[in-house]
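Have a look at the structure below before the remarks.
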Amino acid sequence: MQPQKPRIGITLGDLNGIGPEVVIKALADNRLLAMITPVIYGSAKVISFYKKQLNIEEFNYTQVRNKGQYAPKSINVVNCWEDNLEISPGKASKESGKAAFIALKQACEELKEGLIDALVTAPIDKHSIHSDDFPFKGHTEYLTQFFGGESLMFMVSDTLRVGLVTEHIPVREIAAAVTKEKIEAKLKVMDHSLRNDFGINKPRIAVLGLNPHAGDGGLIGQEDDQLIKPVVADQKNKGKLVYGPFASDGFFATGSHMKYDAVLAMYHDQGLLPFKTLAFEEGVNFTAGLPIVRTSPDHGTAYNLAGKNQANESSMREAVYRAADIFKSRNEPSTEK
Numbered sequence: 001m002q003p004q005k006p007r008i009g010i011t012l013g014d015l016n017g018i019g020p021e022v023v024i025k026a027l028a029d030n031r032l033l034a035m036i037t038p039v040i041y042g043s044a045k046v047i048s049f050y051k052k053q054l055n056i057e058e059f060n061y062t063q064v065r066n067k068g069q070y071a072p073k074s075i076n077v078v079n080c081w082e083d084n085l086e087i088s089p090g091k092a093s094k095e096s097g098k099a100a101f102i103a104l105k106q107a108c109e110e111l112k113e114g115l116i117d118a119l120v121t122a123p124i125d126k127h128s129i130h131s132d133d134f135p136f137k138g139h140t141e142y143l144t145q146f147f148g149g150e151s152l153m154f155m156v157s158d159t160l161r162v163g164l165v166t167e168h169i170p171v172r173e174i175a176a177a178v179t180k181e182k183i184e185a186k187l188k189v190m191d192h193s194l195r196n197d198f199g200i201n202k203p204r205i206a207v208l209g210l211n212p213h214a215g216d217g218g219l220i221g222q223e224d225d226q227l228i229k230p231v232v233a234d235q236k237n238k239g240k241l242v243y244g245p246f247a248s249d250g251f252f253a254t255g256s257h258m259k260y261d262a263v264l265a266m267y268h269d270q271g272l273l274p275f276k277t278l279a280f281e282e283g284v285n286f287t288a289g290l291p292i293v294r295t296s297p298d299h300g301t302a303y304n305l306a307g308k309n310q311a312n313e314s315s316m317r318e319a320v321y322r323a324a325d326i327f328k329s330r331n332e333p334s335t336e337k
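Per this note's numbering, residue 1 is the first one in the sequence shown, and the count goes up by one each step.
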């Protein structure tokens, strides 16, 4: 039987970025403690350092002494490494990258063991964390390998949801990576997530084209007519409310995205540019399709803001709320699932 309040694991990310700051600021909101039991994976020394820098008097926490035993009415901190790491706000280092990986790995292991119910990840620096132990392009790829499944990078807010067919790959490789099979797989994950994680019984999904003007009838590339249109037609034949392909520029400019529960973009910037323009502060990165719940804020380490008490915690707060909501949604009985 699950505990009444979800136990939300939160990794600090790169300790020299804004991760610790936005975590502290988000959890300083007492309304969160009434809803969840937060478990921070990182270091009490890092928390103490940034607490003093931010001059937040009321931020109190409990260090976890025994694995999996948390104070339900407190912020819990799991010490994942020795406390002799140098903290240098705004400076990338291999040491901070290694620490970020150690915290992430421990959080994932304890999530798999059932010691926490969901995971929220603060930003990592992809260069600092990259190593033989972490040969991945980001959190999403690591989590997909660790937990298994067909994952979908799903950017979500209260008013907009955008998923990606391809993620962190060079632009010159995008066209070859967009296949019928991949579009079908991502649509399947998106449809299931909208039903299972967001409680939408009959989701309406818009699919964007790959080329400018969605190929303009074959004048600007063949992929839209030969790959995307057949997938959309097949989905409709199966009774799914899937539409497109739409030209991405006019689609968002005219507010057409408001007519749909989610939008499937073909590549990273096509989806994230409009999403971050329209929903940056409240936007959340959700990894759909995995057997576990993971969210993160939709920003990076922002080294230029680290240690200056200038970082906005809104996206981190929303990521915590969203993780709790999705966990609860997955665990509510439903005839639609």
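Idealized CB from N, CA, C, for every residue including glycine.
- About 26 angstroms separates the CB atoms of residue 148 and residue 128; that is not less than 8 angstroms, and the two are not in contact.
- Residue 235 sits in a helix when the DSSP states are folded into three classes.
- DSSP, read as helix, strand or coil, puts residue 154 in strand.
- Between residue 329 and residue 163, the gap from beta carbon to beta carbon reaches 8 angstroms or more.
- The shortest C-alpha to C-alpha distance from residue 249 to any of 321, 294, 275 and 33 is the one to 275.
- Across the structure, residue 65 and residue 35 are spaced so that their CA atoms are roughly 23 angstroms apart.
- About 5 angstroms separates the Cβ atoms of residue 150 and residue 189, confirming a contact at the 8 angstroms cut-off.
- DSSP places residue 23 inside the alpha helix (DSSP H), whose first and last residues are 19-27.
- By the Cβ rule, the segment 99-106 counts as touching the segment 75-86, because three or more pairs are nearer than 8 angstroms.
- Straight through space, the alpha carbons of residue 265 and residue 130 are spaced by roughly 27 angstroms.
- Looking at the DSSP output, residue 38 shares a beta bridge with 8.
- In the assembly as shown, residue 60 is an exposed residue. Its beta-carbon has fewer than 16 other beta-carbons within 10 Å.
- In this structure, DSSP gives residue 30 a helical state, which the three-state scheme calls helix.
- Residue 287 counts as buried, since no fewer than 16 other beta carbons sit within 10 angstroms of its beta carbon.
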